[in-house]
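Residue numbers (this note's numbering): 108 to 549. In this text, a Cβ means the ideal position worked out from N, Cα and C, and glycines have one as well.
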Ligand code: PHE
C-alpha cells in the first residue's frame, strides 16, 4: 500500500484520517502579509512593536506556521476535550501536526530559548470559522510576553522590580474601566503555590499599563487619520475608552481581555494574563515569571485604517495596496466602488443518523458542523463570497430529519459579478455539499 503525503515548503507530511487542510488554505502560507512593506497588517505590526521596544523585547516575525499538536495545545495545558482541538475548528496536516491556531504555540520554545526578558511574535494563524466581513480562515496575531527572573532582580524582589519598570512606561490619559479585582478566587485565581498576590498585582498592573500604552499609540493614529479624512463624527472625536474584563485561557491565570469603545461598540481586541508557571518550569526557566498577551492584527488594522471587509487584506488589487504607505502616515481607506450583492440560497436535509454507515467526512445529523459548509463555500467561492448565513432550520415532525437553509452572498470587492458567474459558483457549491457532506438537496 502506498503512503500518501503532503509536500509543504520542502517537507513531507504523512496524511491520515485527521488530515483536513485543503490546498486553498495551504496556498496562503507564502503570503506573509505581516512582512510586506506598506501592507496595513505589516504597518499595524510595526506600530504595536513600538510599544515593546528592543532590546527588552526580541521581535520574532518569521516562524513557520506548521506546528505539532504538542506545541499548539499540549504545551499550553489545553485539556484533551477542549473544543479548539476538534477537526471542525482546526486545520490538521495529520493527527500530530496542525497549522497553528494561535501564536501562543511558540511560547514554550521561546521561553526555553531565553534570549531576552521579553518578546513579540507576529505570524499568520489558521482557524476554521464562519464566513463574514470580520472572519477569515487565515489571519495574523501578535503575541507578546515579558518576564522577570527571581535570581536577577535586585534583592530577588520581583514586586519592587516590576513596579519600578512600570514607572518607566510612558504615561497616558486614556479612560480605563477596570471594575474587577485583579484576582478572583474561582474564576481568575492566583497561582498560589508559585506567586504571591503582591507579585501578581504588580505583574498585572505592568501588563495592563503596557497594553493601554499600545492602544493609545494605535488609536491616536487612527483618530488623526480619521480627522485628516474629514471624519469629525462625535464617535471619532470622543476621548478613547477601554475596559478590562475577566477572561479564561488554559495558559494564563489570572486572565483578562481588553475591549476598546469604538464607534459605539465595545470591541474585544486582545487576550492576556499572568503566564502559568508550569509553562516556565517545563521550559527550563523556573525562576522567571511574567505576563503574555495575544492580539489580532486584522481586527486592529480594520479600526486603524477603517477597512470594512477582512477579505481586502488579501487583495492584490493596486487600488487597495497603493493606499497605504508607512506607519508615520496612517490614512483612512477610501473604498472603491461597492459592487452589487448576489444572494443565493441552498437548502438541504442532513443525513439521518441511521444512514451514516461509511461516514468518513460525511455529516449525519449529530456530527454536522457548520464550519464544514463554510469550508466548501470558501474552497469554491474564495474571496467572491462576502458572507454565509443560516436563514432557516427545522426538524421534520415525522421523520425527525433536520433541514437547513444557508444564504450565500456572492459579491466581489473588485468587480461586478455576472449572474451566470454566481450561478456557476453556486451550482458547484451545491454539488460539493452533496459529495463532501452527503446532504440531500431540497
Ligand atoms: N492565544 C490566545 C488567543 O488566541 C490569546 C492569548 C495570548 C491569551 C497570550 C493569553 C496570553 O485567543
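Asked                                                                                                                                                                                    : Found
Skipping 5 residues on each side, what residues in its chain have a beta carbon closer than 6 Å to that of residue 332?                                                                  : 437, 438, 439
Taking 8 Å as the limit between beta carbons, can you name the residues of its chain near residue 385, skipping five residues before and five after?                                     : 184
According to the Cβ coordinates, are residue 303 and residue 250 closer than 7 Å?                                                                                                        : no
Report the CB separation of residue 232 from residue 246 in whole angstroms; it is logged as a contact under 8 Å.                                                                        : 6 Å
Less than 7 Å between the C-beta atoms of residue 266 and residue 305, yes or no?                                                                                                        : yes
Let me know if residue 434 comes out buried or exposed under the rule of 16 or more other beta-carbons within 10 Å of its beta-carbon.                                                   : buried
Pop quiz: residue 550 and residue 115 are said to be a contact at Cβ under 8 Å. What is the actual Cβ separation, rounded to whole angstroms?                                            : This structure cannot speak to residue 550, because the chain is shown only from 108 to 549.
Take residue 142 and list the residues in its own chain whose beta-carbon comes closer than 8 Å to its own, dropping the five residues that flank it on each side.                       : 149, 168, 169
Over what stretch of residues does the alpha helix (DSSP H) that includes residue 361 continue unbroken?                                                                                 : Counting along the chain, residue 361 falls outside any alpha helix (DSSP H), though it belongs to the beta strand (DSSP E) covering 359 to 369.
With distance defined between alpha-carbon atoms, name the residue in 221, 242, 401, 166 nearest to residue 493.                                                                         : 242
Can you tell me whether residue 202 is buried or exposed, with buried defined as 16 or more other CB within 10 angstroms of its CB?                                                      : exposed
Measure the C-alpha to C-alpha separation of residue 171 and residue 225 and round it to an integer number of angstroms.                                                                 : 20 Å
Rounding to the nearest angstrom, what Cα-Cα distance links residue 402 and residue 506 in this structure?                                                                               : 47 Å
Give the DSSP-derived three-state secondary structure of residue 334 in the structure shown.                                                                                             : helix
Tell me the DSSP secondary structure of residue 463 in three-state form.                                                                                                                 : Any answer about residue 463 is weak, because its pLDDT of 44 lies below 50 and its placement is not dependable; what the coordinates show is given next. Coil.
As a quick check of your reading: which residues have a C-beta less than 6 Å from at least one non-hydrogen atom of the ligand PHE, in chain order?                                      : 209, 211, 250, 356, 359, 378, 379, 380, 399, 400, 401
Within 10 angstroms of its Cβ, does residue 532 collect 16 or more other Cβ (buried), or is it exposed?                                                                                  : buried
Can you tell me whether DSSP reads residue 502 as helix, strand or coil?                                                                                                                 : strand
CB residue 515 to CB residue 451, shorter than 7 Å?                                                                                                                                      : yes
Is the separation between the beta-carbon of residue 129 and that of residue 486 shorter than 7 Å?                                                                                       : yes
Have a look at 519, 396, 432 and flag the residue whose alpha-carbon is nearest the alpha-carbon of residue 221.                                                                         : 396
Check for me: the beta strand (DSSP E) holding residue 115 runs from which residue to which?                                                                                             : 112 to 115
Residue 163: which of 230, 312, 254, 529 sits nearest, CA to CA?                                                                                                                         : 254
From residue 252 to residue 215, what distance separates their C-alpha atoms?                                                                                                            : 11 Å
For residue 400, does the three-state DSSP call read helix, strand or coil?                                                                                                              : strand
With a Cβ-Cβ cutoff of 7 Å, do residue 165 and residue 204 count as a contact?                                                                                                           : no
Would you check if the stretch 369 to 380 and the stretch 345 to 356 touch, i.e. whether three or more CB-CB distances between them fall below 8 Å?                                      : yes
Does the ligand GTP have even one heavy atom less than 6 Å from the beta-carbon of residue 344?                                                                                          : What this structure holds is the ligand PHE, not the ligand GTP.
Residue 237: which of 138, 228, 476, 448 sits nearest, CA to CA?                                                                                                                         : 476
Kindly list the residues whose CB is nearer than 7 Å to the CB of residue 424, restricted to its own chain and excluding five residues on each side of it in sequence; keep chain order. : 521
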